[in-house]
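Numbering (the numbering used here), first residue to last: 8 to 637.
Note that beta-carbon positions come from the ideal geometry of N, C-alpha and C, so glycine has one too.
Shown next, in structure tokens, is the structure this report addresses.
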Amino acid sequence: MTVDRDDPSTADPVVKAKPAKTAKATEAVATQEALTAPVTVSTPVDVTPQDPVAAETPTVVETTPIVDSKPPVLTEEKSDPVVVATPGVATSAPDAKPVGTNKPAAATLVAKDATAIRSLALPAAPRPQPGPIATVVISLLSAFGLLPPVAPVPVDVTGVPAQPVPGTSATAGVTGVKVGSSNLTIPVGSGSYTGAADWYFPTQADGTVQAQGVMLLQHGFLGSKSWYSALAQDLARQTNSIVVVPNVPSFGFFTCAGCTLNSVSMQRGVADLFLDPNRTSLNASAAAAGYHGALPGKFVLTGHSAGGGLAAAAGGFYSDAVKPEDNDLLGVVMYDGVSSNGTFAGALKSLDASGIPIYQIAAPPQAWNANGQTTEDLVTLRPGQFVGVVLANGSHVDSLIGGSPIIDFFSQLFVKRSPAGNTEAVYTLANGWINDMYAGLGPTDGVYGTYGDPDQYLVFGPAAGVVLGPAPVVDVNSYLGTWYEVGSVKQFFSIGLVNTTAVYTANDDGSIGVENSGNYFFDNGPQSRIFGTALPVSADNDKLNVTFFGPASATPPGNYWIVDLAPDYSWAVVSDPSGYTGFLLSRTRTVSAELYQELLNRASVKGVKGWITVTRQPAAARELSSSNRV
Numbered sequence: 008m009t010v011d012r013d014d015p016s017t018a019d020p021v022v023k024a025k026p027a028k029t030a031k032a033t034e035a036v037a038t039q040e041a042l043t044a045p046v047t048v049s050t051p052v053d054v055t056p057q058d059p060v061a062a063e064t065p066t067v068v069e070t071t072p073i074v075d076s077k078p079p080v081l082t083e084e085k086s087d088p089v090v091v092a093t094p095g096v097a098t099s100a101p102d103a104k105p106v107g108t109n110k111p112a113a114a115t116l117v118a119k120d121a122t123a124i125r126s127l128a129l130p131a132a133p134r135p136q137p138g139p140i141a142t143v144v145i146s147l148l149s150a151f152g153l154l155p156p157v158a159p160v161p162v163d164v165t166g167v168p169a170q171p172v173p174g175t176s177a178t179a180g181v182t183g184v185k186v187g188s189s190n191l192t193i194p195v196g197s198g199s200y201t202g203a204a205d206w207y208f209p210t211q212a213d214g215t216v217q218a219q220g221v222m223l224l225q226h227g228f229l230g231s232k233s234w235y236s237a238l239a240q241d242l243a244r245q246t247n248s249i250v251v252v253p254n255v256p257s258f259g260f261f262t263c264a265g266c267t268l269n270s271v272s273m274q275r276g277v278a279d280l281f282l283d284p285n286r287t288s289l290n291a292s293a294a295a296a297g298y299h300g301a302l303p304g305k306f307v308l309t310g311h312s313a314g315g316g317l318a319a320a321a322g323g324f325y326s327d328a329v330k331p332e333d334n335d336l337l338g339v340v341m342y343d344g345v346s347s348n349g350t351f352a353g354a355l356k357s358l359d360a361s362g363i364p365i366y367q368i369a370a371p372p373q374a375w376n377a378n379g380q381t382t383e384d385l386v387t388l389r390p391g392q393f394v395g396v397v398l399a400n401g402s403h404v405d406s407l408i409g410g411s412p413i414i415d416f417f418s419q420l421f422v423k424r425s426p427a428g429n430t431e432a433v434y435t436l437a438n439g440w441i442n443d444m445y446a447g448l449g450p451t452d453g454v455y456g457t458y459g460d461p462d463q464y465l466v467f468g469p470a471a472g473v474v475l476g477p478a479p480v481v482d483v484n485s486y487l488g489t490w491y492e493v494g495s496v497k498q499f500f501s502i503g504l505v506n507t508t509a510v511y512t513a514n515d516d517g518s519i520g521v522e523n524s525g526n527y528f529f530d531n532g533p534q535s536r537i538f539g540t541a542l543p544v545s546a547d548n549d550k551l552n553v554t555f556f557g558p559a560s561a562t563p564p565g566n567y568w569i570v571d572l573a574p575d576y577s578w579a580v581v582s583d584p585s586g587y588t589g590f591l592l593s594r595t596r597t598v599s600a601e602l603y604q605e606l607l608n609r610a611s612v613k614g615v616k617g618w619i620t621v622t623r624q625p626a627a628a629r630e631l632s633s634s635n636r637v
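Structure, rendered in structure tokens:
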């Protein structure tokens, strides 16, 4: 299904293009007066621990917003705020210049909104972290849109405008992250959706927030904002970004029409949050979460799974509507993003036209990422461009591990185990790319991010990955000759087979002759040999039909897929459409341990699901001994 991005039947109310930034300052004086007017402190709503909605919000402390008002105000006892301590982040960017005790410019909001924000940001009682059962229940309620808006739990942080240095990312000086919560209203069609949102504020040593941008992190299908707390903390800390993680339903049965992750109306609504020249809803939500000041203008859209699809679509809608000189979108990062509503191709076209990068941190094809279809589409629709990395043996849930122990357990139980090091690799890739976005850099000149050529092998400590790229184009003549199997998914007929060898030759009729051979159990043991024919079934010759009984068919899809191939044809990885067969082939009988591990990882990345084990080549020792005697 495709969606006409200009079809009025799918469009929301008119989205106005963002006016010149100089217009934003015209309302600042009136807004500042509203924000600094005397405040009457009222008793906050008591939210009890038995409230499942309250239980979802991260534990924060009672704070009182800073108010520059001369009349006396009621003083309430404060607790020390919860701060996630972090080491200093080494970058080439200098520390931002202190601004003394002056308050930052206020958010550009109308006066009545500012008054409401200050009322919402009054201190609230701390909320306990939910237990395992409560976490699961809350997540299910959130997926169906059954969680009502929450009472805000603000922190007390003051925003100070960052002082960026061209060509660098201003991450130096971040010492912690404070987390507040509130509600975020998203326009949807002719109405709106209001849901809970967590805000992550990166703090300096003096307690101020000198963020260089805002980042929206959208959870995936059936997900909830609390699952991504570890990822959001790391993004805020390592990229010096204010990160907002809203709850959006996965199903719309009990919410408004279009109030779901995969709804085009919701995706347009997220774009509208940033198209609003005053960022009214975002600023109101941040203020209710305890942030004093205007949010930074530059922003990045990110999301996991269906949330990644939402981020891509919203980025496309935003780019379509905004004037080029007012385009504040720096880029889109998808965490194994999945787009299923027909907006992806149009979004990429819009982002491309604006020069906005979009990157994918993918897992190998599996059920929960629609067998890698969005990743494949991304590679196809952006040929010749760097579009991301796929992590070897990765799980669709690599990015969310660490947010909630119970969710970590069940997500890996029902999806796939996340290998050691993969979550850290996700952080490394995303943080590097986003910091390059802030610095105005990219794959050709980036200094923070990890990039590479298509199909390049990358190592991240215990984890590994491969740069996304198209399937290999195979020159048949170069592929002919002798190949030795160094590893495979064992079939019933290959159990105990050693010295496994394949020889491919050109036949006069244009087909390929196939000869497979080996010995059972030991060198010079009982020999197995079989002959067959093969025919390419794709224009790139990467897919063939091989048969050992009768003539080969040229009808796709083929049963012999060359899924990865060395540029010099020194090794190859072969599978089939199901991914349950796999063969690691080399021009030599043996390979180094490092190359074998690389081939294993490449097989995983290319969709081989079966268990590959070593194929012994004892003839290698005999042949080496014979050559030495000569």
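F555 and V481 have their alpha carbons spaced roughly 22 Å apart. If you look at T622, you'll find it isn't in any beta strand (DSSP E); DSSP assigns it neither H nor E. Put simply, the backbone Cα of V521 is about 57 Å away from that of V250. For secondary structure counted as the alpha helix (DSSP H) over 4 or more consecutive residues, the region 187-264 holds these complete runs in sequence order: 236-246. Straight through space, the alpha carbons of I619 and N506 are spaced by roughly 16 Å. Its Cα nearest to that of P159, the residue S189 stands out among V216, S189, T262.
Only residues of its own chain outside the window of five on either side were considered, and among them Y464 have a CB closer than 6 Å to the CB of E605, listed in chain order. A straight-line Cα-Cα distance of about 12 Å links N378 and S346. Assigned with DSSP and collapsed to three states, F590 falls in strand. The beta carbons of A320 and Q274 sit closer together than 8 Å. Note: V473 is bridge-paired with V397, Y464 in the DSSP secondary-structure output.
Looking at the backbone, the Cα of V397 and that of V404 are separated by about 13 Å. Secondary structure in the region 284-323: the alpha helix (DSSP H) runs of 4 residues or longer, each lying completely within the stretch, are 287-295 in chain order.
The region 225-234 makes contact with the region 252-268; the number of CB pairs closer than 8 Å reaches 3 or more. With a contact defined as Cβ atoms closer than 8 Å, L229 and S257 qualify at about 5 Å. In its chain, beyond the 5 residues on either side, L465, V474 have a beta carbon closer than 7 Å to the beta carbon of G459. About 5 Å separates the beta carbon of W234 from that of L407, a gap short enough to meet the 8 Å contact definition. Here DSSP, grouped into helix, strand and coil, assigns I363 to coil. A straight line joining the alpha-carbon of S231 with that of G565 spans about 41 Å.
Counting along the chain, D571 sits inside the beta strand (DSSP E) bounded by residues 567-572. Under DSSP, T451 forms no beta bridge with any residue. In this structure, the straight-line span from the alpha carbon of Y207 to that of V598 is close to 48 Å.
Judged by DSSP secondary structure, L602 falls outside any beta strand (DSSP E) and instead within the alpha helix (DSSP H) spanning 600-612. CA-CA distance, P253 to A203, rounds to 6 Å. Going by DSSP, V386 is part of no beta strand (DSSP E) but of the alpha helix (DSSP H) stretching over 380-388. I441 sits in a helix when the DSSP states are folded into three classes. The secondary-structure analysis by DSSP pairs Q534 across a beta bridge with N526. For D462, same chain residues with a beta-carbon under 8 Å away, outside a window of 5 residues either side, are V473, V474, G476, P479, D571 in chain order. Distance from the CA atom of F351 to the CA atom of G316, rounded to whole angstroms, is 7 Å. If you look at G338, you'll find it isn't in any alpha helix (DSSP H); it sits in the beta strand (DSSP E) that goes 336-342. N514 has its alpha-carbon roughly 47 Å from the corresponding atom of G428.
The distance from the Cβ of A559 to that of N552 is about 5 Å, consistent with a contact at the 8 Å cut-off.
Annotation: the continuous beta strand (DSSP E) that includes Y511 extends over 504-513. From the listed residues V493, V157, T489, W375, the smallest Cα separation to A610 is found for V493. In its chain, beyond the 5 residues on either side, S176, G449, G453, V454, Y455, G456 have a beta carbon closer than 8 Å to the beta carbon of D443. Of all C-beta pairs linking the region 177-187 to the region 239-250, three or more are shorter than 8 Å, placing the two stretches in contact.
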